[in-house]
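Enquirer: In this note's numbering, the protein residues as written are 1063 to 1370. Backbone N, C-alpha and C fix where the C-beta goes; we use that ideal spot for every residue, glycine too. Everything numeric in this text was worked out from a predicted model, so none of it was measured.
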């Protein structure tokens, strides 16, 4: 039985093995990433039954993604192969640490998803349906797909979580806010970063006034805040030397969802989420350092505020 179903676009990532400008001929490592992919892998490693909804092209890269999903124990019954190509992104890290990502995804297979892209019965029995704000930004059809999928989840009494993940290069703030207003009635849980809050609302205070039962604000090295049941909560981050912060926010979201599934208190959910984010930020890759359940629980055993 699936506990979480997520939908979005997986991407093949080309990541340099060392810092420096790509123009001088850096060696690149082939990885797989994407916000929902990272979340699905992190949840599967925690022992959560997770299914992934997406469209992949008919190219060799789609085979790579399918193999990675299956190797991690992610259910792929709702993955469709369609004519077209699978999205790619290229990362660059300069010697002083400045990073940049170049995307090659416009017109990709996943960007053509629309209402009816999967059988909504796939959601039956799940406890959460998770979406990121990246998916509706990919195309007009994906925008419609996202609202359709949220409505189908709510119709089946599946709780809905959204990680806002606002990407300015994909859509401007005005359009993103308009979509969010349409999505709000379906949401049980909203996760977003401080950058999301500032970019879309101008100030953090506006976030707490949104009509969502549960809101979590990711603050990176400063931890996280939440509003649950009318209460405001704070949790500090775990000190860590960030090697590669890409994917840490996705791991955080996975930890928070897992905390719900395990019946943890809001305070414990935040601690678990911060721990997963720290694990991923401390290593290379988007999800490669996401821990197993026994690893993260062992890490948390001696932590103040952890009562399990």
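Using beta-carbon positions only, say whether residue 1176 and residue 1213 come within less than 7 Å of one another.
Expert: no
Enquirer: Could you give the residue range of the alpha helix (DSSP H) that holds residue 1124?
Expert: 1122–1133
Enquirer: Taking 7 Å as the threshold (C-beta atoms), are residue 1250 and residue 1290 in contact?
Expert: no
Enquirer: Determine whether the beta carbon atoms of residue 1317 and residue 1335 lie at a separation below 7 Å.
Expert: yes
Enquirer: Which residue wins for smallest C-alpha separation from residue 1168, given the options 1182, 1181, 1151, 1156?
Expert: 1151
Enquirer: Using only alpha-carbon positions, find the residue among 1327, 1094, 1225, 1112 that is nearest to residue 1067.
Expert: 1112
Enquirer: Return helix, strand or coil for residue 1153, following the three-state DSSP convention.
Expert: strand
Enquirer: From residue 1131 to residue 1137, what distance separates their C-alpha atoms?
Expert: 7 Å
Enquirer: Give me, in chain order, the residues of the same chain whose beta-carbon lies closer than 6 Å to that of residue 1102; leave out the 5 immediate sequence neighbours on both sides.
Expert: 1068, 1112, 1114, 1136
Enquirer: For the beta strand (DSSP E) containing residue 1276, list its first residue and its last residue.
Expert: 1276–1280
Enquirer: Excluding the 5 residues preceding and the 5 following residue 1286 in the sequence, name in chain order all residues of the same chain whose CB lies nearer than 8 Å to its CB.
Expert: 1278, 1279, 1280, 1296, 1297, 1299, 1314, 1332, 1335, 1336
Enquirer: Please report the distance separating the alpha-carbon of residue 1302 from that of residue 1309.
Expert: 15 Å
Enquirer: Hey, which unbroken runs of the alpha helix (DSSP H) at 4 residues or more fall wholly within the region 1240–1303?
Expert: 1256–1263, 1266–1270
Enquirer: Roughly how many angstroms lie between the CA atoms of residue 1324 and residue 1084, to the nearest whole one?
Expert: 44 Å
Enquirer: Would you please state the rounded distance, in angstroms, between the beta carbons of residue 1372 and residue 1339? I believe it to be under 8 Å.
Expert: Given a span of 1063 to 1370 for the chain in the structure shown, any question on residue 1372 remains unanswerable.
Enquirer: Based on the DSSP output, what are the partners of residue 1221 in its beta bridges?
Expert: 1190
Enquirer: What span of residues does the beta strand (DSSP E) with residue 1077 cover, start to end?
Expert: 1073–1078
Enquirer: So for residue 1167, helix, strand or coil by DSSP?
Expert: Residue 1167 falls in the coil class under three-state DSSP.
Enquirer: Pull up the distance between the alpha-carbon of residue 1096 and that of residue 1258, whole angstroms please.
Expert: 17 Å
Enquirer: Grab me the residues of residue 1344's own chain with a C-beta within less than 8 Å of its C-beta, minus the 5 sequence neighbours each way, in chain order.
Expert: So the qualifying residues of the chain are 1302, 1303, 1304, 1305, 1351.
Enquirer: By the DSSP assignment, the alpha helix (DSSP H) with residue 1317 in it spans what residues?
Expert: 1310–1323
Enquirer: For the candidate residues 1240, 1090, 1099, whose alpha-carbon lies nearest to that of residue 1311?
Expert: 1099
Enquirer: Under DSSP, the alpha helix (DSSP H) around residue 1335 begins and ends at which residues?
Expert: 1328–1343
Enquirer: Output yes or no for whether 7 Å exceeds the beta carbon distance between residue 1163 and residue 1127.
Expert: no
Enquirer: Excluding five sequence neighbours on each side, which residues of the same chain lie with their C-beta closer than 8 Å to the C-beta of residue 1366?
Expert: The predicted position of residue 1366 is uncertain, since its pLDDT is 49 and thus under 50; no value can be drawn from it.
Enquirer: Do you know offhand how far residue 1359's Cα is from residue 1145's?
Expert: 43 Å
Enquirer: Among 1260, 1252, 1307, 1283, which has the Cα closest to the Cα of residue 1319?
Expert: 1252
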